[in-house]
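Student:
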Amino acid sequence: MSIQDTIRAQVTGNPVVLYMKGTPQFPQCGFSAAAAQVLKACGVTQYLSVNVLENPEIRDGIKQYGNWPTIPQLYVNGKLVGGADILREMYASGELARLLDPLKTPG
Amino acid sequence: MVSAEDIRRYIAEGLQCDSIEVEGDGHHFEAVIVSGEFSGKSRIERHQRVYSALGDRMAGEIHALSMRTLTPEEWREAHG
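Heads up: the protein sequence lines correspond to chains A and B, in order. Under numbering that gives the first Met the number 0, residues 0 to 106 are what the first sequence spells out, in order. Under numbering that gives the first Met the number 0, residues 0 to 79 are what the second sequence spells out, in order.
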């Protein structure tokens, strides 16, 4: 399986996938921390997070996959939603909450 | 080290802009970009357009670039 196939399997096999530096508990970059925070603020706590610092092939591959050169990247239902700036704007406008509402973690 | 002015110039060379402001410290930069080319494009597509103007520099010299991408109409609404 090529790295592009691996990424496709991740983003289509999971409703919410966050590619980030570090983990949601221990983010290793301020932009990744902000992305994990807005997900939490929208009530999404169960999602696939991929630590690109531990996966150099994915770190390179994800930049090609979505034609997006920076980390973090949020995928929802297989589609690239954005990086840190876009997530912040969409959170502020309420768009992100609307998008993620059906995917909220129960309880 | 790349400067805010370098980034402003790189973007201006690759994208028709009404205005570009870039601030930064050599590592993290913030840009506000106003361009008619953004009309009818999603946020993702706008950022991708700027990234394509920056080309390989995003993979190398530029570590972190925050962006706000606005059409001239959106800019006027925000600053009217």
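Quick reminder that beta carbons are idealized off the backbone N, C-alpha and C, glycines included.
Compare the C-beta of B/R8 with all C-beta atoms of chain A and state if any pair is closer than 8 Å.
Tutor: On the second sequence, residue 8 of chain B is found 9 positions in, with the first residue counted as 1. For B/R8, the answer is no, since every Cβ of chain A falls outside 8 Å of its Cβ.
Student: Locate the beta strand (DSSP E) running through A/F30, then write down its first and last residues.
Tutor: Here residue 30 of chain A corresponds to residue number 31 of the first sequence, with the count starting at 1. Element bounds for A/F30: not the beta strand (DSSP E) but the alpha helix (DSSP H), G29 to A40.
Student: If you measure from the CB of B/Y9, is any heavy atom of the ligand ADP nearer than 7 Å?
Tutor: With respect to the ligand ADP, the structure shown offers nothing to examine, as it has no ligands at all.
Student: Where does B/R7 land, buried or exposed, given buried means 16+ other C-beta within 10 angstroms?
Tutor: As a first step, residue 7 of chain B is located in the second sequence; it is residue number 8 there, counting from the start. Buried, since its Cβ has 16 or more Cβ neighbours within 10 Å.
Student: Run through DSSP, which three-state label would B/P71 get?
Tutor: Taking the second sequence and counting its residues from 1, the one referred to as residue 71 of chain B is at position 72. It is helical.
Student: Of all the options A/G21, A/V80 and A/L47, which has the alpha carbon lying nearest to the alpha carbon of A/N13?
Tutor: Numbered from 1 along the first sequence, position 14 holds the residue referred to as residue 13 of chain A. A/N13 has its Cα closest to that of A/L47, out of A/G21, A/V80 and A/L47.
Student: Which residue comes first and which comes last in the beta strand (DSSP E) that contains A/L52?
Tutor: Looking up residue 52 of chain A in the first sequence gives position 53. Where A/L52 is concerned, there is no enclosing beta strand (DSSP E), given that its DSSP letter is neither H nor E.
Student: Kindly list the residues whose CB is nearer than 7 Å to the CB of A/T22, restricted to its own chain and excluding five residues on each side of it in sequence; keep chain order.
Tutor: By 1-based counting over the first sequence, the position of residue 22 of chain A is 23. Cβ neighbours of A/T22 beyond the five flanking positions: S48 and N50.
Student: Along the chain, which unbroken stretches of the alpha helix (DSSP H) at least 4 residues long are found entirely within the stretch 64-106 of chain A?
Tutor: DSSP runs (the alpha helix (DSSP H)) wholly in the stretch 64-106 of chain A: 83-92 and 94-99.
Student: Mind checking whether A/V43 and A/L99 have CB atoms under 8 Å apart?
Tutor: Stepping through the first sequence from its first residue, residue 43 of chain A is reached at position 44. Stepping through the first sequence from its first residue, residue 99 of chain A is reached at position 100. Taking 8 Å as the Cβ cut-off, A/V43 and A/L99 qualify as a contacting pair.
Student: Go through its chain and collect everything with a Cβ distance to B/T70's Cβ below 6 Å, but skip five positions before and after it.
Tutor: Residue 70 of chain B sits at position 71 when you count from the first residue of the second sequence. For B/T70, where only same-chain residues beyond five positions count, the Cβ hits under 6 Å are F37 and S38.
Student: Only counting the same chain, and skipping five residues up and downstream in sequence, which positions put a Cβ closer than 7 Å to that of A/I65?
Tutor: Counting from one through the first sequence, the residue named residue 65 of chain A turns up at place 66. In the sequence as presented, Ile is not what sits at residue 65 of chain A; that position holds Gly. For A/G65, where only same-chain residues beyond five positions count, the Cβ hits under 7 Å are Q72 and L79.
Student: For B/H27, name the three-state secondary structure that DSSP assigns.
Tutor: Along the second sequence, read from residue 1 onward, the residue named residue 27 of chain B stands at position 28. If DSSP states are grouped into helix, strand and coil, B/H27 belongs with the strands.
Student: If you reduce the DSSP assignment to three classes, tell me which class B/E60 lands in.
Tutor: As a first step, residue 60 of chain B is located in the second sequence; it is residue number 61 there, counting from the start. DSSP places B/E60 in coil when its eight states are reduced to three.
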